[in-house]
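Heads up: the sequence shown runs through residues 1 to 245, numbered per the UniProt record's numbering. See structure below.
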Amino acid sequence: MKKWIWRILAVIFVLFSLSCATQDEQSEREAEMKKELAKIKYDVPDEPDVNYDVLDNIDISNSEFGVVSLPEDLGKTLTGLFSKYTKVVAPNGKPIHIFGQSGVSDLQVARAREILKYHLADTPGSQYGEDKSGVANRMGDVRATLCYTDTQLKAFALYDIIDKTKLATQDLYATESPVEGSYEYINNKGKPGERFTRDASYEEIFHLVHGKGMQHVVPAYHKEIEEAEKVVRPVLHKIGKIRQK
């Protein structure tokens, strides 16, 4: 078992647990979230009408940042949820999709695409990353898709809709993915009156790569991650109990 994986996961889990609210605070927040969630309504059909032929052939080449508006003939399911699109094309020619809502800027969408490319770039001399083409190809095969929403609640509101499609999804929120040079990035906080949590871009996009690609194509690496998690989880559990006292 690689010690560096233990260390990385330990740091991640400890930092996460220390940032968690108390149990009472969490319950209050969940109640408020349910109330706000009920207010979000998407204009979509009861059954998905995604035109996958159109989806797989959206041209992004004529846009300054490689981010384009959704074509109307894509279907109301996706045009009712999102307004913009970009992609990364796997070596097998199949696209890995990135959809953005209206509150997500073109630069945020383009940045997400570049982070995805980073995760899929070969790493010469590494144990598992020498050739990542298999990971990218698998993601293309299963229609791996990043759903980039304005807020966390808007992501929650689309789950039941998007789950009916053939897309294998992972979400990312505009409130957790600042662009370099922005107010949020420089100050590590939201503008007055606006919500901002942290920069979770690399983490959430890695979830997409791991869940839709690595886990199936590089099972040995996935097993190492699972073993590291087993070591760290009891520590996380103990810290959680201390926080609740």
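C-beta atoms are modelled at their ideal positions from N, C-alpha and C, and glycine is treated no differently. Here the structure is a predicted model, which is why all the values come from computation and not from measurement.
Note to self: What ranges does the beta strand (DSSP E) occupy inside the stretch 91–157, keeping only unbroken runs of at least 3 residues that lie completely in it?
What the structure shows: 95–100 and 144–149
Identify the residues that DSSP records as bridge partners of Val218: which are they? Looking at the DSSP assignment, Val218 forms no beta bridge with any residue, so it has no partner.
Check: If Leu208 and Gln170 are in contact, beta carbons under 8 Å, what's the gap, nearest whole angstrom?
Finding: 4 Å
As an exercise, report each continuous alpha helix (DSSP H) stretch of at least 4 residues that is fully enclosed by the stretch 18–88, in chain order. 23–37, 52–55 and 76–79
> Using DSSP with H/G/I as helix, E/B as strand and the rest coil, what is Leu172?
Replying inline: strand
Closest by C-alpha distance to Asn62, when choosing among Pro219, Asp24, Thr86 and Gly181: Thr86
Please report the distance separating the alpha-carbon of Val142 from that of Gln108. 24 Å
Check your understanding: Leaving out the 5 sequence neighbours to the left and right, which residues in its chain are closer than 7 Å to Val217 when beta-carbon positions are compared?
Key -> Gly134, Val135 and Arg138
Check your understanding: At what residues does the alpha helix (DSSP H) containing Val209 begin and finish?
Key -> Ser201 to Val209
Contact between the stretch 80–96 and the stretch 52–70 is defined here as three or more beta-carbon pairs at a separation below 8 Å; is this criterion met? yes
Original post:
Going by C-alpha distance, which of Glu130, Leu158, Tyr173 and Tyr128 is nearest Leu167?
Top reply: Leu158
Nearest-angstrom Cβ-Cβ length linking Asn92 and Gly140, presumed shorter than 8 Å = 6 Å
Check your understanding: With 16 other CB atoms within 10 Å as the buried threshold, where does Ala31 fall?
Key -> exposed
Contact under 8 Å by Cβ, Leu120 with Lys132: yes
* Shortest alpha-carbon distance to Ser201 belongs to which of Glu180, Arg195 and Ala220? -> Glu180
* Can you give the beta carbon distance from Val44 to Leu74, rounded, assuming they're within the 8 Å contact cut? -> The Cβ separation is near 12 Å, so there is no contact.
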